[in-house]
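Note that the protein sequences, when read in sequence, are chains A and B. As numbered in the working numbering, residues 222 to 419 make up the first sequence, in order. As numbered in the working numbering, residues 222 to 419 make up the second sequence, in order. Below: the structure, in structure tokens.
There are 2 protein chains.
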Amino acid sequence: MEQLEEKIAKEAEVISDDILQVDTFLHRQIDPSLMDAMGKALAKRFADHGITKVVTVATGGIAPAVFTAMYLNVRCLIVDKSDVMPLDDRCSITVTSKTQQKDFVLSIENGYLNEEDRVLIVDDFLANGNTVAGVAELCHMAKASVEGIGICIEKCFQDGGKKLREAGYDVQSLALIRTMSETAISFRMQKEAFTDVF
Amino acid sequence: MEQLEEKIAKEAEVISDDILQVDTFLHRQIDPSLMDAMGKALAKRFADHGITKVVTVATGGIAPAVFTAMYLNVRCLIVDKSDVMPLDDRCSITVTSKTQQKDFVLSIENGYLNEEDRVLIVDDFLANGNTVAGVAELCHMAKASVEGIGICIEKCFQDGGKKLREAGYDVQSLALIRTMSETAISFRMQKEAFTDVF
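Here it is in structure tokens:
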């Protein structure tokens with residue numbers, strides 16, 4: 222998605238080998254018109270998947286997920302992310318974020334997903350894929366099917382995308398970063414990403 | 222705002238004397254078309270205030286704030302909410318949430334607000350007003366002016382709205398709850414709220 226790639230090229234900051242800071246338009250500060258465009262683009266890619274619910278993780282995924290849900294005309298479910306296990310009996314799973322170098326617990330309230338739900342998972346970043354894989358597992362625990370995974374920024378030099386596609390998920394990313402350094406960020410072409418490479 | 226009041230009447234759950242759970246459309250699960258309508262309504266109320274930035278607090282405020290910012294054609298700044306003081310030198314303030322019965326630290330990264338900014342604060346709830354007052358204080362610390370406060374749901378039986386209006390802020394709420402119990406929720410009329418009562 223050209224608009225997102227241009228924004229990354231102009232405003233994103235490479236903090237380390239695997240951390241890309243997008244605080245000016247996606248995290249600390251949100252550019253609503255970009256969120257609207259990203260939501261529209263993701264909804265278009267999954268328009269024929271019969272999605273009944275968009276599922277995301279707080280907080281970075283909320284804005285793009287809500288716009289995607291709006292264009293798909295479904296509700297958006299927020300997965301809780303916490304340092305501790307929930308005290309009640311809700312569905313929960315512990316995942317390790319390699320990017321943040323820590324474990325955390327993902328959970329969803331009982332009753333928000335069921336076997337009739339066809340889920341599109343939306344998140345801001347895809348790197349090692351552990352968070353998204355954890356969300357997918359939570360959906361399966363609730364007996365819902367995962368019909369797609371929509372990502373704003375995928376870091377192709379990490380293996381999350383590869384693992385999720387090999388596991389059979391339809392993963393679509395709006396911007397695919399091939400390499401990044403303090404001086405340059407290069408993007409993988411969309412076509413290349415969805416046909417030749419994986 | 223009739224659409225929001227209807228949603229509250231239909232789906233919200235009164236958990237205790239001062240806790241209203243709106244998990245099905247605003248918190249755990251988000252209804253995007255309602256967020257869009259609320260953002261449009263808040264933007265309309267503050268259209269002539271020369272707003273340059275919408276400021277909100279994670280996570281409940283994010284969705285309505287981003288839609289408000291979209292309709293005002295400005296960016297949306299997210300205030301960090303944490304249990305601990307930030308280690309760097311960013312603007313921060315400790316506030317007490319009476320609803321959650323705990324202290325937390327609000328902070329914003331330096332450089333995102335300056336003396337030229339005219340801020341609209343948007344949040345999901347207004348109860349005792351400590352969080353919103355803390356956000357306003359942070360804006361002042363960054364030398365920005367607070368031109369308005371836009372709230373989705375104000376609990377009028379708590380004194381946050383009264384205190385903020387007495388302090389001179391233009392507070393506009395989309396739904397004003399006069400009383401609530403397990404069996405009934407009554408709303409204050411908008412006109413009544415902005416003329417006679419305060």
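Using N, Cα and C, we set each Cβ at its ideal position, and we do this for glycine too.
Assuming V392/B is part of the beta strand (DSSP E), what are its boundary residues?
What you label residue 392/B is simply residue 171 of the second sequence in a count that begins at 1. Unbroken beta strand (DSSP E) run through V392/B: 392 to 401.
Excluding five sequence neighbours on each side, which residues of the same chain lie with their C-beta closer than 6 Å to the C-beta of K319/B?
Reading the second sequence from its first residue, position 98 is the one you call residue 319/B. N349, listed in sequence order.
Which residue or residues does DSSP assign as beta-bridge partners of G350/A?
For the purposes of this step, residue 350/A is taken as residue 129 along the first sequence, with counting starting at 1. The partner list for G350/A (beta bridge, DSSP) is empty, contrary to what the question assumes.
In chain order, what residues of the same chain have a beta carbon less than 7 Å from the beta carbon of A284/A, not counting five sequence neighbours either side?
As a first step, residue 284/A must be located in the first sequence, where it is residue number 63. Contacts found: I251, M256.
Could you name each continuous beta strand (DSSP E) segment of 3 residues or more that falls completely within the region 228 to 279 of chain A, going from the start of the chain to the end?
274 to 278
Quick one: which unbroken alpha helix (DSSP H) runs of 4-plus residues sit fully inside the region 282 to 357 of chain B? Chain order, please.
283 to 293
Looking at L225/B and A396/B, is the spacing between their C-beta atoms short of 9 Å?
Locating residue 396/B in the second sequence gives position 175, where the first residue counts as 1. Locating residue 225/B in the second sequence gives position 4, where the first residue counts as 1. Yes, these two residues count as a Cβ contact at 9 Å.
Cβ pair A268/B, K302/B closer than 9 Å
The sequence position of residue 268/B within the second sequence is 47, counting from 1. The sequence position of residue 302/B within the second sequence is 81, counting from 1. Result no, Cβ atoms of A268/B and K302/B do not sit closer than 9 Å.
Spatial neighbours of E420/B in its chain, beta-carbon cut-off 6 Å, leaving aside the 5 residues before and after:
Look at the range of chain B in this structure, 222 to 419, and you will see that residue 420/B is not part of it.
Buried versus exposed, by CB contacts within 10 Å (16 or more), Q322/B:
Residue mapping note: residue 322/B aligns to position 101 of the second sequence, counting from 1. Answer is exposed; the Cβ neighbour count stays below 16.
At a Cβ threshold of 9 Å, is E330/A touching chain B?
Start at 1 with the first residue of the first sequence, and residue 330/A comes out as number 109. Cβ-Cβ to chain B under 9 Å: yes for E330/A.
Does any C-beta atom of chain A lie closer than 9 Å to the C-beta of P253/B?
As a position in the second sequence, residue 253/B is number 32, starting the count at 1. Cβ-Cβ to chain A under 9 Å: yes for P253/B.
Give the residues from the region 253 to 273 of chain B that approach chain A closer than 8 Å (Cβ to any Cβ), ordered along the chain.
P253, S254, M256, D257
Three-way DSSP call (helix, strand, coil) for K384/B in this model:
Within the second sequence, residue 384/B is the residue found at index 163, counting from 1. Note: K384/B maps to helix in three-state DSSP.
Quick check on K274/B: buried or exposed, where buried means 16 or more other Cβ atoms within 10 Å of its Cβ?
As a first step, residue 274/B is located in the second sequence; it is residue number 53 there, counting from the start. So K274/B ends up on the buried side.
Could you tell me the boundaries of the beta strand (DSSP E) in which F378/A lies?
Taking the first residue of the first sequence as position 1, residue 378/A is located at position 157. Where F378/A is concerned, there is no enclosing beta strand (DSSP E), given that its DSSP letter is neither H nor E.
Is the shortest distance between the beta-carbon of Q379/A and the beta-carbons of chain B less than 9 Å?
In the first sequence, counting from the first residue as 1, residue 379/A sits at position 158. Closer than 9 Å: no.
Determine the burial state of T416/A: buried for a count of at least 16 other Cβ atoms within 10 Å of its Cβ, exposed for fewer.
Position 195 of the first sequence, counting from 1, holds the residue named residue 416/A. Low per-residue confidence applies at T416/A: pLDDT is 43, beneath 50, and the placement is therefore not dependable enough to give any value.
Assign A368/B to buried or exposed, taking buried as 16 or more other Cβ atoms, counted over all protein chains shown, within 10 Å of its Cβ.
For the purposes of this step, residue 368/B is taken as the residue at position 147 of the second sequence. At residue 368/B the sequence reads Glu, which differs from the Ala that was named. Buried: at least 16 other Cβ atoms inside 10 Å.
Cross-strand partners of G371/B (DSSP beta bridge)
Your numbering for residue 371/B matches position 150 in the second sequence. V343/B, Q393/B.
How about L241/A and I374/A: are their beta carbons less than 9 Å apart?
Indexing the first sequence from 1 puts residue 241/A at position 20. Indexing the first sequence from 1 puts residue 374/A at position 153. Going by C-beta atoms, L241/A is nearer than 9 Å to I374/A.
Take the Cβ of F378/A as the centre, count every other Cβ of all protein chains shown within 10 Å, and call the residue buried at 16 or more, exposed below.
On the first sequence, residue 378/A is found 157 positions in, with the first residue counted as 1. The residue is exposed, with fewer than 16 neighbouring Cβ atoms inside 10 Å.
Please report how far the alpha carbon of L341/B lies from the alpha carbon of G271/B, in whole angstroms.
Indexing the second sequence from 1 puts residue 341/B at position 120. Indexing the second sequence from 1 puts residue 271/B at position 50. Roughly 9 Å between the two C-alpha positions.
Using 9 Å as the limit for Cβ to Cβ distance, is T280/B near chain A?
Numbered from its first residue, the second sequence carries residue 280/B at position 59. Taking Cβ atoms only, chain A reaches closer than 9 Å to T280/B, which makes this a yes.
Got a sec: is the Cβ-Cβ distance from C297/A to anything in chain B below 9 Å?
Your numbering for residue 297/A matches position 76 in the first sequence. For C297/A, the answer is yes, since a Cβ of chain B falls inside 9 Å of its Cβ.
Determine the contact status of V300/A and T277/A, defining contact as a CB-CB distance below 9 Å.
Residue 300/A sits at position 79 when you count from the first residue of the first sequence. Residue 277/A sits at position 56 when you count from the first residue of the first sequence. Cβ atoms of V300/A and T277/A: closer than 9 Å.
Pairwise C-alpha distance: E232/B and T245/B:
By one-based count along the second sequence, residue 245/B stands at place 24. By one-based count along the second sequence, residue 232/B stands at place 11. When rounded, the distance between both Cα atoms is 7 Å.
When burial is assigned at 16 or more other CB atoms within 10 Å of the CB, is T400/B buried or exposed?
If you number the second sequence from 1, residue 400/B lands on position 179. Under this definition T400/B is an exposed residue.
Can you check which of these residues, F325/A, F288/A, D239/A, is closest to G371/A by C-alpha distance?
Here residue 371/A refers to the residue found at position 150 of the first sequence. For G371/A, the nearest C-alpha among the options comes from F288/A.
Local Cβ density within 10 Å of G389/A, reported as buried at 16 or more and exposed below that:
The residue labelled residue 389/A in the question sits at position 168 within the first sequence. Exposed: under 16 other Cβ atoms inside 10 Å.
Burial state of S502/A (16 or more Cβ within 10 Å)
In this structure chain A extends from 222 to 419, so residue 502/A is not present and cannot be described.
Using a Cβ-Cβ distance cut-off of 9 Å, determine whether A233/A contacts chain B.
Here residue 233/A refers to the residue found at position 12 of the first sequence. No, its Cβ sits nowhere closer than 9 Å to a Cβ of chain B.
What's the call for L247/B, buried or exposed, on a 16-neighbour Cβ count within 10 Å?
Locating residue 247/B in the second sequence gives position 26, counting from the first residue. By the 10 Å Cβ count, L247/B comes out buried.
9 Å is my cut-off, CB to CB: does F346/B come that close to chain A?
Translated into the one-based positions of the second sequence, residue 346/B becomes position 125. Chain A contact via Cβ: absent.
Cα-Cα separation, E223/A to G381/B
Mapped onto the first sequence, residue 223/A falls at position 2. Mapped onto the second sequence, residue 381/B falls at position 160. Going from the Cα of E223/A to the Cα of G381/B covers about 45 Å.
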